[in-house]
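So for the sequence shown, the working numbering puts the first residue at 806; every next one is plus one. Every residue gets a Cβ at the ideal spot worked out from N, C-alpha and C, and that includes glycine. The structure presented is a predicted model; accordingly, all values stated were derived computationally and were not measured.
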Amino acid sequence: MIHVKSEEEIELMREPCSIVGNCLKFVGERIKAGMTTKEVDTLVYDYIKASGAEPSCLGYYGYPASACVSVNEVVVHGIPDDRVLEEGDIVSVDIVAYKNGFHGDCARTFCIGEVSEEKKKLVRVTEECFWKGIEGLKAGTPLYDISYKVQQHAEGNGFSVIRSYTGHGIGREMHEDPSVPNFGRKGTGVRLQAGTVICVEPMIAAGTWKVKVMPDGWTAVTADRRSAAHYENTLVVREDGFEILTLGSEK
């Protein structure tokens, strides 16, 4: 069941959402070749704690870190470890913070130094998929209109959309209804109400959309081991549009 948020609840969500948005800006200014993915996770943990919030991912169904740090062929849920980031890598960092009884969630994909033209395009198109997906979004929009627009833009640029993982509702729980897939048929799905808070998160692959989950039970990689990228924000559906809560100081 979709829980439509009151204005009071949305106000309480602003702080954790702002924290994650600003945290990813902070990480983006510091991430570089030679760092380990564990060091990236430490940046996230320290920032969230210093902001008076809790890292929602840490301990979530046993997840051992504060961030998902996914390099190149890793689509999502990369567990931070001693892997060293190298020039030419792309790195998706997905974080969630909990404060005021609510969660905020967002993700970005960063280029480490000079990356290939394909990777540059993949990162750019993935972010574009987010913005294309929410064009015209307002109360009454069919949910899968978002999905359709994401899919059309990704596939129109020669990429594929990951089907095993989706965006989602968010609030007092990290994952709530509705599921927000990145593929779908225009004009279908529940009509979104004002006050619905969702995470729209295109996960786009250079090659196949098929994924394989590694033995750790978390790390999802593309079946063909080609690169994937990820871009996500938490937003509120409004009567006449939408409001993005996780842009932080990018606003």
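C-alpha distance - residue i paired with residue j, whole-angstrom precision
i, j, result
"Gly1053", "Thr841", "25 Å"
"Asp1029", "Val876", "14 Å"
"Lys1056", "Lys830", "For Lys1056, the pLDDT reaches just 42, beneath the cut-off of 50, and the residue's location in the model is therefore unreliable, although a value from the coordinates is still provided. C-alpha separation (whole angstroms): 11 Å."
"Arg946", "Glu813", "Note that residue 946 corresponds to Thr in the displayed sequence, not to Arg. Rounded to the nearest angstrom, the two C-alpha atoms are 23 Å apart."
"Thr1027", "Lys1017", "6 Å"
"Glu919", "Glu834", "15 Å"
"Ile815", "Ser861", "18 Å"
"Ala858", "Asp851", "10 Å"
"Tyr970", "Val832", "24 Å"
"Arg913", "Asp1021", "23 Å"
"Val1041", "Phe1047", "6 Å"
"His980", "Glu1006", "13 Å"
"Arg888", "Ala944", "44 Å"
"Met1008", "Val930", "10 Å"
"Gly826", "Gly974", "17 Å"
C-beta atoms of residue i and residue j nearer than 8 Å
i, j, result
"His882", "Trp1014", "no"
"Lys854", "Gly976", "no"
"Val896", "Gly909", "no"
"Ile917", "Leu948", "no"
"Val995", "Pro983", "yes"
"Cys822", "Leu997", "no"
"Val955", "Gly938", "yes"
"Lys991", "Tyr953", "yes"
"Glu932", "Tyr1036", "yes"
"Val874", "Ala1025", "no"
Anticipated Cβ contact below 8 Å, residue i with residue j, distance rounded
i, j, result
"Val966", "Phe988", "5 Å"
"Ser871", "Ile824", "Their Cβ separation, rounded to whole angstroms, is 12 Å, which puts Ser871 and Ile824 out of contact at 8 Å."
"Asp899", "Lys843", "Contact flag wrong, Cβ pair sits at about 16 Å."
Cβ neighbour criterion (16 or more within 10 Å) applied to residue i
i, result
"Gly839", "exposed"
"Asp950", "buried"
"Met818", "buried"
"Thr1039", "buried"
"Asp1045", "exposed"
"Glu892", "exposed"
"Ser921", "exposed"
Counting Cβ pairs, one atom from each stretch, are 3 or more of them under 8 Å apart for the segment 912-931 and the segment 992-1001? no
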